[in-house]
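Participant: Read in order, the letters of the sequence shown are residues 696 to 1066 in the working numbering.
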Amino acid sequence: MHQKQILIYSFSALAAVGLLLLPQKAQAQITCVGSACNVSPIPASSFNDTLGAFKLQFADPLAKDMADASVLAGIGSVPMGSINMDGWTIGLGAIATNEPESFTNVVVPNVGSYFNVKTVGVGLSPRIYGGVNMGLFFERTPMHRVAQRFEVYLSFFDARYTHGGEARLETLSSGVRPTDRTKISAYYRGLDVRYQLVERKRNSSPLFRWNGLTLGLGIHHTRQSISYYQVNSSIQIAQFDGGQIIWNGNNQANMDTNITSVPIEFMTGIQLLYFLNLNIGGGVSINKGSTTFNVNRFGPVFLASELEKVVGVQAPEANLFMNVPGDGPVDRYTGFARVGLTFNIWVVKLDVEAMSAGSTKGVQIGLRTEF
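Now the structure itself:
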């Protein structure tokens, strides 16, 4: 008898490791491992419904929210700044965006409901950038008058970050276990060309003047990967008959974003008392790409009325594994607007901008020099 139990638990452990090591891009799947699967509160006959409910009601909306936030984060490559720039600039900054959180109930037919599941979209895009007025390269030439209407900007960023994952002593009974871990990698490249449709008057007073009107065209490419490992989380699913299902386990979530945007924008502004610029801009971005989301979860599932499992007493288990992918394609066209302030402290410029694209909001902060 003991030998049979050992074989069953050994098989369960090996199967769990194998399932969690499956490629992250694997197709959606759900299965049960353990000697109590035949009495699992989520029976095999409901596997497809469970998988479909979590994909359509949770994973896909989450991926779409992240895609929308990432698009706006990639649009505002460089601050609007001086609208008409005569020299060159170099600086660094970051854009943070947010698609408001929403809550939904994941309803699994013939099983129950997982209440108040949160989805939210966030985007973060730091970058280093530089720009130059092309007239600097054509001084004292016939092309100078035309060239000085063009400004060219380059932006880039590439970084990786890991937080958590250290092994710690949880309790004397459970021993040393890994902690939650987050890994992020971010890649950004941007090229922007601005044309001064209407130049500001060079001899007008800096105490109050219009800074002209500029048309901008860019191409921005964003890649971002987020990996999150969550240890010992618990899900409670309310059964339709009044009972409650408990699903303990670990989560391995991966999110990959790959988006190319081509923003077309008009920008204008005024200068007040020399040290302050008030700028507004808006346009449309042509987008291509998507955000893909994948979560693996494995752990014992049982009824809350099974007290021996609730308190952790050894008993036959039904370990449920579920691999849920989510897809969030970007909108082909995204209209956007932004308004900003530039504080002029001699050659140092502090840019603060608010951005909006539908329900997605963002803020950009940049610090640069301009000569």
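In this text, a Cβ means the ideal position worked out from N, Cα and C, and glycines have one as well.
(1) From His915, Thr1055, Ile921 and Glu1001, pick the residue whose C-alpha is nearest to that of Ile770; which is it?
(2) Using only the heavy atoms of the ligand ADP, determine whether one of them is closer than 7 angstroms to the beta carbon of Asn946.
(3) Using the C-alpha atoms, what's the distance from Arg1033 back to Phe1066?
(4) Since I believe Gly1023 is in contact with Asp755 (beta carbons under 8 angstroms), could you give me their beta-carbon distance rounded to a whole number of angstroms?
(5) Are the CB atoms of Leu786 and Tyr824 nearer to each other than 8 angstroms?
(6) Gln752 bridges to which residues according to DSSP?
(7) What residue ranges within the stretch 895-960 form continuous beta strand (DSSP E) runs of no fewer than 3 residues, ordered along the chain?
(8) Look up Ala842 in the DSSP assignment and say whether it is helix, strand or coil.
(9) For the stretch 894-912 against the stretch 927-934, are there 3 or more C-beta pairs whose distance is under 8 angstroms?
(10) Would you check if there are 3 or more beta carbon pairs closer than 8 angstroms linking the stretch 793-801 to the stretch 815-824?
(11) Excluding the 5 residues flanking Gln891 on each side, which residues of the same chain have their C-beta closer than 7 angstroms to its C-beta?
(12) Is it the case that the Cβ atoms of Leu757 and Phe988 are separated by a distance below 8 angstroms?
(13) Does DSSP put Phe997 in a helix, a strand or coil?
(14) Is the CB-CB distance between Val801 and Ser850 below 8 angstroms?
(15) With the cut-off set at 8 angstroms, would you say Ser980 and Pro958 are in Cβ contact?
(16) Quick one: which unbroken beta strand (DSSP E) runs of 3-plus residues sit fully inside the stretch 1024-1056? Chain order, please.
(17) Three-state secondary structure (DSSP) at Asp760?
(18) For Trp905, I'd like the list of residues in its chain whose CB is within less than 7 angstroms of its CB, leaving aside the five on either flank, ordered along the chain.
(19) In angstroms, rounded to a whole number, what distance separates the CA positions of Tyr809 and Ile879?
(20) Determine the DSSP secondary structure at Val871, reduced to helix, strand or coil.
(21) What residue range is occupied by the uninterrupted beta strand (DSSP E) comprising Val773?
(22) Once you ignore the five residues that flank Ala731 on each side, which residues in its own chain have a CB closer than 6 angstroms to its CB?
(23) Starting from Leu787, trace the beta strand (DSSP E) both ways and give me its first and last residue.
(24) Out of curiosity, what's the CA-to-CA distance linking Thr952 and Met761?
(25) List the DSSP bridge partners of Cys727.
Facilitator: Walking through what the data contain:
(1) Looking at the Cα atoms, His915 is the closest of the given residues.
(2) Inclusion of the ligand ADP in the displayed structure is not the case, the ligand content being empty and no account of it being possible.
(3) Roughly 24 angstroms between the two C-alpha positions.
(4) Indeed they touch by this definition, with Cβ atoms about 7 angstroms apart.
(5) With the sequence shown as reference, residue 786 is identified as Gly, and Leu is not the correct amino acid for it. The criterion of a C-beta distance shorter than 8 angstroms is satisfied by Gly786 and Tyr824.
(6) Answer by DSSP bridge pairing: none, since Gln752 is not bridged.
(7) Counting only runs of 3 or more residues that sit fully inside the stretch 895-960, the beta strand (DSSP E) segments are 903-934, in chain order.
(8) For Ala842, the three-state secondary structure derived from DSSP is helix.
(9) No contact exists between the stretch 894-912 and the stretch 927-934.
(10) Result yes; three or more Cβ-Cβ pairs closer than 8 angstroms.
(11) Short of 7 angstroms from the beta carbon of Gln891, and not among the five residues preceding or following it, lie these beta carbons of its own chain, in chain order: Asn779, Arg844, Gly907 and Thr909.
(12) Yes.
(13) Here DSSP, grouped into helix, strand and coil, assigns Phe997 to strand.
(14) Contact flag unset, no.
(15) Contact flag set, yes.
(16) Counting whole runs of 3 or more residues, the stretch 1024-1056 contains the beta strand (DSSP E) stretches 1028-1040 and 1043-1052.
(17) Of the three classes helix, strand and coil, the one that applies to Asp760 here is helix, per DSSP.
(18) Within the same chain, Trp905 has close Cβ partners Arg895 and Ile965.
(19) The straight-line gap from Cα to Cα measures roughly 28 angstroms.
(20) The predicted model places Val871 with a pLDDT of 47, which falls under 50 and marks its position as unreliable; any figure quoted below should be read in that light. In the structure shown, Val871 sits in a strand (DSSP, three-state: E or B).
(21) From DSSP, Val773 is part of no beta strand (DSSP E); its letter is neither H nor E.
(22) So the qualifying residues of the chain are Pro1011, Glu1012 and Ala1013.
(23) Element bounds for Leu787: Trp783 to Val803.
(24) Whole-angstrom Cα-Cα distance: 8 angstroms.
(25) Beta-bridge pairing links Cys727 to Leu1015.
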